[in-house]
Each structure stands twice: as structure tokens, then as C-alpha cells.
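*Asks:*
Chains as they are written, first to last, in the numbering used here: chain A, 45 to 158; chain G, -3 to 109.
Here it is as C-alpha cells:
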């Protein structure tokens, strides 16, 4: 099973709402990632978790709050977002410690902030 | 100057032609070089990766890395309409835990039947 699943597929939320994105993998990977991708742009790294601990935060605004409750799950909590936060949010996972850690991406959650 | 430069295209080719894609980069510390394919509204899918300079072939795909010129290429032989997608190059440093990828901007490819 080389699948990373993400829910929901689509999300529309107002600027005062609180919502969460969910990511799950069962490949035994110990690194998980959140990326943001705007239309016709490459993915931009937001957060990296390694062994369930936050290892990289790319200076993301605090209205995005990641959480890694266990080695298979990764959440992204959203609060007080802005319309410019509308994008495709991608989750990825990889092994840790091998020479090359292939990242497997999920299909993404398309977020629209109104 | 961006760390990784990639022509956005679109690159339009007839079915059966060779698709040639490339990226240039500025950070000589990059060690791993990857090509991802992304269909519209889908997540990226890893096609190939290479370590250091040289060529690597996998089926219809050939990846080349020239570290002295800071230049990487992907060739797709016998292109099919199903190859129509955006192709992203990506690079990374050697890391012990987690792995930050630096992506190029992506090249949109259209293979016409």
C-alpha cells in the first residue's frame, strides 16, 4: 500500500471558521509533510514532522496549526484564514534515515476561503 | 534569482515525439534530483530520482544530471497523450531526518494525438 489519503477533498470555509484537514498513511513512514500549492505554482513546504515531532516550520502563520497525533496521522488545523490562503493543500510522507527518502504525495484538499 | 529554474511551457508535441525537459539550479549542495508528474487537480507523483551526476533510464524515461553545469534533464520517449501533465523537477540536500524538497516551477506538457 503506497497510498496517502487526505480528507476532505474539497473544503469551503469562511474567515471566522475553524476546520481541520486530515492526512493518513499506512506505509510505516516516520516523516510527514504539509505543502501548499497555488494554481500554476509548485508546492511550497509548510511543515515537516519526523518521528511525530515538528522538525521544520517554514515560517507559516499561526492560523495554520499542525498536529501529528501518531505515526500514521497528520492534521492541519485552520483558524481565521484569509482568502489568499485558498489553495491545494498536499500531504506527503517518507521514510527517514535512508539515503533517499522518496516522498509520496496524497491527492490534496482543495481549500476555498470566502 | 530562484534556486531552481524551470521553463513553464506549455510544451506541445505530437504523439510519439521525444519530450525534453530541463531545470537549472544555483545551489551546488543539492545531491538528489527528482522528477515529479502532476496531473490537473492531483498530487505530484515521483517519476524518477537520481543521485549525483550521470544518466538513469526507466522504461520510456531518461533522467540526466550534470552537476558541473548545475543542469538536469528528463526525456520522455514515444510520448503518449496520457503523458500530458505538469512536470516538476525537485532537489534536496542530504538530510538525516525529513527531507525538504526545492521544486522548480513546473513545465506543462501537452502531447497531441
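Backbone N, C-alpha and C fix where the C-beta goes; we use that ideal spot for every residue, glycine too.
Tell me whether residue 53 (chain G) counts as near the ligand SAM, meaning its Cβ is closer than 6 Å to at least one heavy atom of that ligand.
*Replies:* The ligand SAM is absent from the structure shown, which contains no ligand whatsoever.
*Asks:* According to DSSP, what are the bridge partners of residue 72 (chain G)?
*Replies:* In the second chain, residue 72 (chain G) corresponds to position 76, counting from 1. Bridge partners of residue 72 (chain G): G:15, G:57.
*Asks:* Residues of chain G with a CB under 8 Å from the CB of residue 69 (chain A): which are they?
*Replies:* On the first chain, residue 69 (chain A) is found 25 positions in, with the first residue counted as 1. Within chain G, no residue comes near residue 69 (chain A); the closest Cβ sits about 12 Å away, beyond 8 Å.
*Asks:* Enumerate in chain order the residues of its own chain whose CB-to-CB distance from residue 80 (chain G) is below 7 Å, with the five nearest sequence positions on each side excluded.
*Replies:* By one-based count along the second chain, residue 80 (chain G) stands at place 84. Closer than 7 Å at Cβ, skipping near neighbours: 105, 106, 107.
*Asks:* Name the DSSP beta bridge partners of residue 157 (chain A), please?
*Replies:* Your numbering for residue 157 (chain A) matches position 113 in the first chain. In the DSSP output, where bridge partners are listed per residue, residue 157 (chain A) has A:57.
*Asks:* My understanding is that residue 77 (chain G) touches residue 109 (chain G), with C-beta atoms under 8 Å, so please give their C-beta distance in whole angstroms.
*Replies:* Reading the second chain from its first residue, position 81 is the one you call residue 77 (chain G). Reading the second chain from its first residue, position 113 is the one you call residue 109 (chain G). Yes, they are in contact, since the Cβ atoms of residue 77 (chain G) and residue 109 (chain G) sit about 5 Å apart, within 8 Å.
*Asks:* Between A:149, A:82, A:75, which lies nearest to residue 111 (chain A) when the distance is taken from Cα to Cα?
*Replies:* Here residue 111 (chain A) corresponds to residue number 67 of the first chain, with the count starting at 1. Among A:149, A:82, A:75, the Cα nearest to that of residue 111 (chain A) is on A:75.
*Asks:* How far does the beta strand (DSSP E) with residue 139 (chain A) in it extend, from its first residue to its last?
*Replies:* Here residue 139 (chain A) refers to the residue found at position 95 when the first chain is read from its first residue. Unbroken run through residue 139 (chain A): none, as it is neither H nor E.
*Asks:* Using only the alpha-carbon positions, how far apart do residue 50 (chain A) and residue 155 (chain A) sit?
*Replies:* The residue given as residue 50 (chain A) occupies position 6 in the first chain. The residue given as residue 155 (chain A) occupies position 111 in the first chain. If you take the alpha carbons of residue 50 (chain A) and residue 155 (chain A), they lie about 12 Å apart.
*Asks:* Nearest to residue 71 (chain A) by CA position, among A:146, A:130, A:85, is which residue?
*Replies:* Counting from 1 along the first chain, the entry for residue 71 (chain A) is found at position 27. Minimum Cα distance to residue 71 (chain A) is reached at A:146.
*Asks:* In terms of DSSP beta bridges, what is residue 108 (chain A) paired with?
*Replies:* Taking the first chain and counting its residues from 1, one reaches residue 108 (chain A) at position 64. Answer is A:122, bridged to residue 108 (chain A).
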